[in-house]
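Below you'll find the structure, written out as structure tokens, and then a few comments.
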Amino acid sequence: MEKAQAGNKVYLRIIYLVSILIPMIVAFLIYFPAKLGIAGDWVKLLPGLHATINSMTVLTLIAALIAIKNGNIKVHRSFMFASLFLGVLFLLSYVLYHSSVESVKFGDLNHDGQLNEEELALAGTSRVVYLVILASHILLSILVVPFVLFAFYYALTDQIARHKRMVKFTYPVWLYVSITGVIVYFMIKPYYFL
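Counting from 1462, one number per residue, gives the positions in the sequence shown under the numbering used here.
Structural data, given as structure tokens:
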């Protein structure tokens, strides 16, 4: 019994550590003044991949919900592991992209990294809508990580009551983050310079 509790504490510490490190690493890479430049121009294609991964995550999350509503735990679990795998793949690709390329600004038509008055005027209220969606997407993507990890932990350790309580909040947030990831991509896509 003591070994199991010690093992549980290790997993819980890992969840806390990962939940803190992920946003710190991403923020560092986005705001670090010098880009690593470890990749070639192909890295500029990654935002499209990110939208594809987010779209696939939406589909696997919905499929997992349908499976559990139909009482098929095995299929539910498979789709949830697929969602988690896609999340990890997204994160790795996202870190690679932001460590290599400057962030694109919504409305930057001439691709100079600055928004002049004319570009701001042309972007208009669509820029505000974009920024609100982006802000909610980023904030919730940071907040949902520990909840996702705890939901998986509770499911894998057969703490189903705790798992169910956790996913009542976690599932819709994860789904929202995945959907808004696709929306954000299509809204900013016209401003990417390939």
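No residue lacks a Cβ here, since even glycine has one placed at the ideal position from N, Cα and C.
- Item | 3-residue-minimum beta strand (DSSP E) runs that sit fully inside the region 1497-1554, ordered along the chain | Within the region 1497-1554, complete beta strand (DSSP E) segments of at least 3 residues are not found at all.
- By DSSP, does residue 1618 sit in helix, in strand, or in coil? Coil, per DSSP.
- Message: Can you tell me whether residue 1566 is helix, strand or coil according to DSSP?
- Response: Residue state, collapsed to three classes: coil.
- Task: Go through its chain and collect everything with a Cβ distance to residue 1465's Cβ below 7 Å, but skip five positions before and after it.
- Result: Residue placement at residue 1465 is flagged as unreliable, the pLDDT there being 49, under the threshold of 50; a coordinate-derived value is accordingly withheld.
- Beta-carbon proximity check, residue 1508 vs residue 1614, cutoff 8 Å: Cβ atoms of residue 1508 and residue 1614: not closer than 8 Å.
- According to the neighbour-count rule (16 or more other Cβ atoms, all chains shown, within 10 Å of its Cβ), is residue 1635 buried or exposed? Result: buried.
- Residue from 1520, 1542, 1553 with nearest C-alpha to residue 1484: The shortest C-alpha to C-alpha distance from residue 1484 to any of 1520, 1542, 1553 is the one to 1553.
- Message: Less than 6 Å between C-beta atoms, sequence neighbours within five positions excluded: which residues of the same chain meet that for residue 1541?
- Response: Taken in chain order, the residues that qualify are 1525.
- Item | Contacts around residue 1576, its chain only, beta-carbon distance under 7 Å, and the 5 residues preceding and following it disregarded | Contacts found: 1566, 1568, 1569.
- Message: Taking 8 Å as the threshold (C-beta atoms), are residue 1504 and residue 1561 in contact?
- Response: In this structure, residue 1504 lies closer than 8 Å to residue 1561 by Cβ.
- Item | residue 1486 beta carbon less than 8 Å from that of residue 1549 | Note that the C-beta distance between residue 1549 and residue 1486 is not below 8 Å.
- Query: Counting pairs of beta carbons, one from the region 1603-1623 and one from the region 1576-1587, are three or more of them closer than 8 Å?
  - Reply: Because the criterion of three Cβ pairs below 8 Å is not met, the region 1603-1623 and the region 1576-1587 do not touch.
- Task: Whole angstroms is fine: what's the gap from residue 1632's alpha carbon to residue 1473's?
- Result: As the crow flies, the alpha-carbon of residue 1632 is around 20 Å from that of residue 1473.
- Message: Relative to the C-alpha of residue 1630, which candidate in 1530, 1604, 1547, 1647 has its C-alpha closest?
- Response: Answer by Cα proximity: 1604.
- Message: Taking only three categories from DSSP, how would you classify residue 1469?
- Response: It is helical.
- Nearest to residue 1546 by alpha carbon, out of 1581, 1519, 1533, 1558? For residue 1546, the nearest C-alpha among the options comes from 1519.
- Item | Cα-Cα separation between residue 1535 and residue 1527, rounded to whole angstroms | Rounded to the nearest angstrom, the two C-alpha atoms are 12 Å apart.
- Message: Could you compute how far the alpha carbon of residue 1602 sits from the alpha carbon of residue 1574?
- Response: Cα to Cα, residue 1602 sits roughly 25 Å from residue 1574.
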